[in-house]
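Chains as they are written, first to last, in the working numbering: chain A, 53 to 165; chain B, 97 to 210. Note sheet for the following structure.
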Amino acid sequence: DAKTTQPPSMDCAEGRAANLPCNHSTISGNEYVYWYRQIHSQGPQYIIHGLKNNETNEMASLIITEDRKSSTLILPHATLRDTAVYYCIVSREGTGSARQLTFGSGTQLTVLP
Amino acid sequence: NAGVTQTPKFQVLKTGQSMTLQCAQDMNHNSMYWYRQDPGMGLRLIYYSASEGTTDKGEVPNGYNVSRLNKREFSLRLESAAPSQTSVYFCASTWNRESGNTIYFGEGSWLTVV
């Protein structure tokens, strides 16, 4: 699976949009981009995933560049409860076979009051 | 539907003691994983399992053994605990036809080795 690169930390004002970037320049055609977050001391939680098209759900939006080498997770109206470490990973879809799912260090997002 | 359940949640061990962390999932997932997370660090993969009867090493397997007892259960064993194994351990599972490759994590097991 392709490696990802994320900034180690970001701040965002409460109520504003938080835009978290991820670089995955070695992504291959059958790999999806997944985003997870980990609130302090809890297990990581799934947020959203996508292949090529932009995706939106009740938690966030995912924007993937046309060349698929990078993506941005958008939290449209950040709250204090969104303070967490956000992980971007790439993963092949559909085979069901286990493989090493590696998480990098992620981005520590701090939402400021 | 409990998702991924880990036990125990907290454990203190003396150096050289052994223990087993238990993990069970009720989502009919094929793949299961054990990660460790040290303070201020990301998740590091210890072992994973494609299906019952198969296991593979991850990034940091030394000092650990695993057993995929059946499709639901994946245990992690420390045969002779060392202070360097003080960490938070997360079990995870993924893949069925409904949820695809979304990963579900347990709530973590805090292990201290003194």
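Note that the Cβ used here is the ideal one computed from N, Cα and C, for glycine as well.
Local conformation of residue i per DSSP, three classes
i: residue 180 (chain B); result: helix
i: residue 134 (chain B); result: coil
i: residue 134 (chain A); result: helix
i: residue 148 (chain A); result: Confidence in residue 148 (chain A) is poor, its pLDDT being 45 and thus under 50, which makes the residue's placement unreliable; the coordinate value appears in the next sentence. If DSSP states are grouped into helix, strand and coil, residue 148 (chain A) belongs with coil.
i: residue 155 (chain A); result: coil
i: residue 114 (chain B); result: coil
i: residue 56 (chain A); result: coil
i: residue 62 (chain A); result: strand
Test item: CB-CB of residue i and residue j under 8 angstroms
i: residue 114 (chain B); j: residue 191 (chain B); result: no
i: residue 205 (chain B); j: residue 109 (chain B); result: no
i: residue 99 (chain A); j: residue 88 (chain A); result: yes
i: residue 63 (chain A); j: residue 159 (chain A); result: no
i: residue 143 (chain A); j: residue 75 (chain A); result: no
i: residue 66 (chain A); j: residue 136 (chain A); result: no
i: residue 167 (chain B); j: residue 148 (chain B); result: yes
i: residue 164 (chain B); j: residue 150 (chain B); result: yes
i: residue 133 (chain B); j: residue 141 (chain B); result: no
Subject >> Against chain A: residues of the segment 178-202 of chain B by CB proximity under 7 angstroms >> reply: Those would be 186, 191, 196, 197, 198, 199, 201 and 202, in chain order.
Original post:
At which residue ranges does the segment 96-129 of chain A contain complete beta strand (DSSP E) runs of 3 or more residues, listed in the order of the chain?
Top reply: When DSSP assignments are scanned along the segment 96-129 of chain A, the uninterrupted stretches of beta strand (DSSP E) that are 3 or more residues long and fall wholly within it turn out to be 97-102, 113-116 and 122-127.
**OP:** With 8 angstroms as the limit, tell me which residues of the segment 69-84 of chain A have their beta carbon closer than that to any beta carbon of chain B; keep them in chain order.
**Re:** Residues are counted here when their Cβ sits less than 8 angstroms from a Cβ of chain B; for the segment 69-84 of chain A these are 84, given in chain order.
**OP:** Report the residues of the segment 139-150 of chain B with a CB closer than 9 angstroms to any CB of chain A, ordered along the chain.
**Re:** Per Cβ criterion, the list reads 139, 140, 141, 144, 145, 146, 147 and 150.
Subject >> Meets three-Cβ-pair contact criterion under 8 angstroms: the segment 183-190 of chain B and the segment 152-163 of chain B >> reply: When Cβ pairs closer than 8 angstroms are counted between the two stretches, the segment 183-190 of chain B is seen not to touch the segment 152-163 of chain B, the count staying below three.
Subject >> Against chain B: residues of the segment 89-120 of chain A by CB proximity under 9 angstroms >> reply: Contact annotation: in the segment 89-120 of chain A, residues whose CB is within less than 9 angstroms of a CB in chain B are 90, 93, 94, 95, 96, 97, 98 and 101.
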